[in-house]
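Written below as structure tokens is the structure these notes are about.
Residue numbers (this note's numbering): 733 to 879.
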């Protein structure tokens with residue numbers, strides 16, 4: 733071996749490059765995992781909110797069908813009034829929706845006559861909308877005065 737002798741391995745190196753790089757890489761990995769978790773939680777929450785909203789509108793539509801059956805609009809006098817009220821006939825009545833916003837949703841509608849006061853009937857319509865594994869309930873109390 734000709735030339736300069738090799739220097740011995742320095743025991744006291746100065747510098748923070750390697751520990752700082754490891755720290756930064758670890759920190760970035762933790763941040764990436766946290767962001768991924770938050771995004772997946774947000775997606776799940778959004779999907780559930782969407783199903784809850786659709787179930788609410790299915791329940792509201794079912795209640796609207798029952799209201800139209802109880803009190804047919806004047807412009808549609810032949811509307812199907814054999815629906816669920818009075819006396820809860822055929823209750824609960826099931827509606828399966830095929831419209832774009834409510835596809836795969838359904839509503840179960842029931843109706844009871846709560847009371848009759850001074851010849852006026854008071855009804856309670858209960859509509860339970862379902863979309864997938866979530867349900868929402870809409871309850872309507874109503875009466876009709878022809879005067």
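Cβ coordinates follow ideal geometry from the N, Cα and C atoms, glycine included. These numbers were taken from a predicted model, which means no experiment stands behind them.
Helix, strand or coil for residue i? Go by DSSP, reduced to three states.
{"i": "residue 833", "result": "helix"}
{"i": "residue 748", "result": "coil"}
{"i": "residue 861", "result": "strand"}
{"i": "residue 781", "result": "helix"}
{"i": "residue 755", "result": "helix"}
{"i": "residue 797", "result": "helix"}
{"i": "residue 876", "result": "coil"}
{"i": "residue 880", "result": "Past the boundaries of the shown model lies residue 880; the chain is included only from 733 to 879, so the question cannot be answered."}
Using alpha carbons as the reference points, say which of the options lies closest to residue i.
{"i": "residue 852", "options": "876, 831, 862", "result": "876"}
{"i": "residue 824", "options": "849, 794, 807, 835", "result": "794"}
{"i": "residue 861", "options": "759, 801, 790", "result": "790"}
{"i": "residue 831", "options": "750, 756, 786, 775", "result": "786"}
{"i": "residue 780", "options": "872, 866, 748, 871", "result": "866"}
Measure the alpha-carbon distance for residue i versus residue j and round it to whole angstroms.
{"i": "residue 764", "j": "residue 799", "result": "53 Å"}
{"i": "residue 842", "j": "residue 760", "result": "56 Å"}
{"i": "residue 848", "j": "residue 802", "result": "15 Å"}
{"i": "residue 748", "j": "residue 762", "result": "21 Å"}
{"i": "residue 756", "j": "residue 770", "result": "21 Å"}
{"i": "residue 766", "j": "residue 773", "result": "11 Å"}
{"i": "residue 758", "j": "residue 859", "result": "53 Å"}
{"i": "residue 805", "j": "residue 834", "result": "24 Å"}
{"i": "residue 776", "j": "residue 829", "result": "24 Å"}
Quick one, are the C-beta atoms of residue i and residue j less than 8 Å apart?
{"i": "residue 827", "j": "residue 838", "result": "yes"}
{"i": "residue 845", "j": "residue 857", "result": "no"}
{"i": "residue 868", "j": "residue 797", "result": "no"}
{"i": "residue 840", "j": "residue 863", "result": "no"}
{"i": "residue 792", "j": "residue 870", "result": "yes"}
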